[in-house]
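Worksheet: one structure, shown below.
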Amino acid sequence: MFSTTNTRIAALVVFLFISTVAHASSGDRAIEFVRCVSSCTTQRCDEFEETKPLSLQLTRWTCPDDCKYNCMHNVTDHAVTDGRAIHQYYGKWPFWRYAGMQEPASVIFSLANLWAHLVGFKQVRRKLSDSHPMKKLYLLWSVCSMNAWLWSAIFHTRDTPITEKLDYFSAGLAILNALYYTVIRLFHLYQPARPKLTSGTSISKPLTLLFIGIYAAHIYYLTSGPRFDYTYNTIFNLTLGVLHNLLWTLYALPSGLSLLRSRFPGRPRGYRPSFASKAGLFVALTTAATALEVFDFPPWGRVLDAHALWHAATAPIAYFWYQFLVQDALDQSWREPLLREHRT
Ligand SMILES: *[C@@H]1O[C@H](CO)[C@@H](O)[C@H](O)[C@H]1NC(C)=O
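Using mature numbering (1 follows the signal peptide of the UniProt record, and there is no 0), the letters of the sequence shown map in sequence onto residues -24 to -1, 1 to 320.
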């Protein structure tokens, strides 16, 4: 996600974790739950449609879904009174729904991330001049991130095969986009501010085609198989996120340790404004937030779990990341290649 984008990988880390750990503790296979659902569907489903409240109609709850929901909480109630462990159901913890939303906390925090990206989008648009070579790239990433968080909010409202895929595909696009602008920014592959002075062929064109190809192959692989490959999807996103963070770590390293040829356009290797440290802080915060996801725990009050807390953490991180990106883009060095061209 993650900013944001790259922090979205954390969700995917969890899937690796959940798919191994939670299988052992899957509440949806417990006999008490299965019996409850079957008696509920036979007894209650005839009248359910007539009494369904508007919120459940809008969020498209079916009677079997509603039975599973109520049975999940009943079984969990028994587990709590008997002091037994709380289990997951269909890969998720039992949450109290609100207005038809399955995971209201994650919905709210996804919307908080969406808002953080919207604020960031406006800042980039206002503070960077139209001729800045990074402006369009940041705005593109911002739009991809807003799209990803919108689908995250929808997915946490109602988990269906379609909302799940749209959430994953949007997240993958946002993460890939974050890596894309990072490579262009850090290796100076952007188009110069004044294209007239150059031949017109952009170095970043093959790179753009490569990234489009990677995304197309990714979606093709995930949609062509008999079932969704969660493990592959996790590794894909995790790899991109780690690469993104490693690159910004290189940027943040002290002057003497820099492996990048030059951090800023036309500047020597040693040129390092103090705000470069912010990128390192960002990587540290993102990694810490990811740890929240890996150390999953049953939700507090059936409301707040590690995944929701992780979404809560990424929103301020995204906000902070935009401040940094704008500061980086406003560095004096971006204006100097132009001056030099004028002088010669
Ligand atoms: C859950 O428990 C309550 C209270 O014991 C009961 O009224 C309700 O019918 C149960 N729900 C299901 C779906 O079994």
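Cβ atoms here follow ideal geometry from the backbone N, Cα and C, with glycine treated the same way.
The alpha-carbon separation between residue 165 and residue 180 amounts to approximately 5 Å. Pairing residue 284 with residue 85, the inter-Cα distance amounts to about 7 Å. Shortest gap from the CB of residue 12 to any heavy atom of ligand 1: under 7 Å. Excluding residues up to 5 positions away in sequence, 156, 157, 160, 161, 166 lie with their Cβ nearer than 8 Å to the Cβ of residue 113 in the same chain. Within the same chain, 124, 127, 128, 130, 131 come within 8 Å of residue 143 by CB-CB distance, once the 5 residues on both sides are set aside. Straight-line spacing of the CA atoms in residue 101 and residue 111 works out to 7 Å. Considering only 234, 149, 139, 118, the residue with the shortest C-alpha distance to residue 295 is 118. Runs of the alpha helix (DSSP H) lying entirely within the stretch 189 to 260 and spanning at least 4 residues, in chain order: 206 to 228.
For residue 276, the pairing in a beta bridge is given by DSSP as 280.
The beta carbon of residue 31 is closer than 8 Å to those of 75, 76 in its chain, skipping five residues each way along the sequence.
Each of 63, 49, 72 was checked against the Cα of residue 3, and the nearest Cα belongs to 63. By the CB criterion at 8 Å, residue 227 and residue 219 fall outside the cutoff. Here residue 223 has 158, 162 as same chain residues with Cβ atoms under 6 Å from its own Cβ, once five neighbours each way along the sequence are excluded. The beta carbon of residue 12 sits closer than 7 Å to those of 47, 50, 51, all from its chain and outside the five residues before and after it, given in chain order.
In the three-state scheme derived from DSSP, where H, G and I count as helix and E and B as strand, residue 66 is classed as coil.
In this structure, residue 21 has its CB at a distance of at least 7 Å from all heavy atoms of ligand 1. Counted as a single uninterrupted DSSP element, the alpha helix (DSSP H) harbouring residue 99 occupies residues 80 to 103.
Considering only 149, 42, 55, the residue with the shortest C-alpha distance to residue 212 is 149.
Contact between residue 249 and residue 307 holds: CB atoms are separated by about 6 Å, below the 8 Å threshold.
Counting only residues of its own chain and dropping the five nearest sequence neighbours on each side, residue 287 has a CB closer than 7 Å to the CB of 82, 85, 86, 89. Not one heavy atom of ligand 1 falls within 7 Å of the beta-carbon of residue 123. Pairwise C-beta distances place the stretch 239 to 246 out of contact with the stretch 255 to 263, as fewer than three of them are shorter than 8 Å. The C-alpha of residue 78 is placed about 12 Å away from the C-alpha of residue 280.
Closest in C-alpha terms to residue 136, from the list 67, 59, 92, comes 67.
CA-to-CA, the gap between residue 141 and residue 39 works out to about 23 Å.
In this structure, residue 39 has its CB at a distance of at least 7 Å from all heavy atoms of ligand 1. Closest by C-alpha distance to residue 72, out of 276, 301, 312, 245, is 276. Taking C-beta separations shorter than 6 Å and ignoring five residues to either side along the sequence, the partners of residue 298 in its chain run 96, 99, following chain order.
Beta-bridge analysis with DSSP links residue 2 to 64. Residue state for residue 110 is assigned as coil, using DSSP reduced to three classes. Here residue 200 is exposed, its C-beta having fewer than 16 other C-beta atoms within 10 Å. An exposed status is given to residue 116, since fewer than 16 other beta-carbon atoms sit within 10 Å of its beta-carbon.
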